[in-house]
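So the structure is just underneath, and the comments pick up after that.
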Amino acid sequence: MAVADRFYTPKMDTSNDGFEVDWTEHVLPVEGIGVHIYEWLPAGRTKPHGLVHISHGAGEHARRYQHLVHDLIGAGYAVIAHDHLGHGRTGVAAFGLSDLGPGGIPAARRATREVIDWGKARYPGLPFIEVGHSWGSLLAQQLFAAEPLIFDAVVLSGTALALPGFINPGNYNAEWADDGHGMSWLTRDVNEVQKMIDDKYGFDIAQSSVWSIWGALQLLSLPPLPRRGRAARVPMLILTGDHDPLGFNGRSPRALAWAYEHVTRLKDVGFRLYPEARHEVYNELERDDTVRELLDWLAFRFESPSA
């Protein structure tokens with residue numbers, strides 16, 4: 001089965017909020033499933049500063065990140081993102097939304113790894129920057145533990161130390177139980193919440209569970225043992241809100257940053273806790289400041305002064 005390349009404009013897709021960033025769509029066959037990948041390129045730049053791969057969270061899809069993509073390509077980065085198994089166009093074309101298929105979490109992780117290989121082959125020699133959010137951040141942690149050198153930098157948001165007692169297994173929306181829709185835990189921006197409610201590719205993970213108890217256990221992982229050489233120099237940035245229930249309002253992401261610095265002994269670990277922010281820092285009220293800090297962090301590591 002050959003990879004099919006197709007071109008779309010977001011204004012043709014009713015799942016988009018009208019924020020127009022043209023993309024090219026690819027379908028990558030992985031274990032009999034067509035994984036939908038979206039690719040964005042910076043305008044007027046022959047060689048991007050790096051390739052950013054966005055790995056989205058549970059209940060959403062890759063094209064929810066077009067505001068972030070707009071700023072990344074504006075800063076000179078190429079971007080790819082894929083719809084995980086059971087999500088977005090990948091899910092609709094296979095087993096349906098929220099159904100990862102018989103392979104479950106391991107298959108979703110393997111598919112993510114295949115997308116990474118696809119991106120690295122498409123952009124040989126470019127720094128590869130993994131941006132993982134929520135479930136995508138947990139998959140990124142597992143991939144980093146197994147193969148740290150496939151990444152040149154890792155950025156995690158809406159994340160947690162994936163150990164019992166550090167990742168919330170309960171009702172994320174408990175603090176906002178009277179909101180009538182169960183989505184207030186995502187962000188304080190009511191417009192973004194409404195977009196998620198209206199998104200035909202989005203779903204409430206409290207109502208449509210993505211994994212079983214066994215699947216949840218497969219998301220757990222220990223911080224890697226001490227790294228040496230180049231593996232110890234992979235930069236790590238953790239962004240979180242102090243009202244994100246997934247990580248117990250910042251306690252768990254802080255522990256994760258500590259573990260990467262003191263257990264894994266990474267030499268470049270950044271941690272940023274945003275006051276009042278909830279789960280989706282890229283969709284929060286202070287999103288512009290968050291993205292600006294991310295771009296500054298990337299520029300310091302991947303852009304030459306003359307670029």
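No gaps in the numbering here: position 32 of the sequence shown is 32 in the UniProt record's numbering, and each next residue is one more.
Note that beta-carbon positions come from the ideal geometry of N, C-alpha and C, so glycine has one too.
A quick note: this is a predicted structure, and the numbers were derived from the prediction, not measured.
- Item | Spatially closest choice to G34 from H84, V79, P224, R233, by CA coordinates | H84
- Please state whether DSSP places E303 in a helix, a strand or coil. coil
- Start and end residues, beta strand (DSSP E) containing T112: Taken as a continuous stretch (DSSP letters only), T112 belongs to no beta strand (DSSP E), being part of the alpha helix (DSSP H) at 104 to 122.
- Task: Below 8 Å on the Cβ atoms is my guess for T240 versus L273; work out the distance and round it to an integer in Å.
- Result: 6 Å
- Message: Between the alpha carbons of K76 and D22, how many angstroms are there, rounded?
- Response: The sequence given here places Gly at residue 76; Lys does not occur at that position. The straight-line gap from Cα to Cα measures roughly 15 Å.
- Message: Do V92 and E130 count as a contact pair if the criterion is CB distance below 7 Å?
- Response: no
- Where are the beta strand (DSSP E) runs, 3 residues long or more, that stay fully inside the stretch 184 to 268, in chain order? 236 to 241
- Task: For K120, collect the residues of the same chain with a Cβ closer than 7 Å to its Cβ; drop the 5 residues on either side in sequence, then sort them by chain order.
- Result: F128
- Query: How about Y65 and I80: do their beta carbons lie closer than 7 Å?
  - Reply: no
- Find the nearest neighbour of N168 within the set L220, Y260, V30, D288, judged by alpha-carbon distance. L220
- Task: Jot down the residue ranges of each uninterrupted beta strand (DSSP E) in the stretch 151 to 183, minimum 3 residues, whole runs only, in chain order.
- Result: 153 to 157
- Beta-carbon proximity list for residue 372, same chain, < 6 Å, skipping 5 on both sides: Residue 372 lies beyond the stretch modelled for the chain, which goes from 1 to 307, so this question has no answer here.
- Simplified DSSP state of A75, which is helix, strand or coil: coil
- Task: Look up P29 in the DSSP assignment and give the residues it is bridged to.
- Result: G34
- Measure the alpha-carbon distance for V115 versus N283 and round it to whole angstroms. 25 Å
- Query: Taking DSSP as the reference, what is the three-state secondary structure of F90?
  - Reply: Here residue 90 turns out to be Thr, not Phe, going by the sequence shown. T90: helix per DSSP, three-state reduction.
- Task: Tell me R272's beta-bridge partners as DSSP assigns them.
- Result: L239
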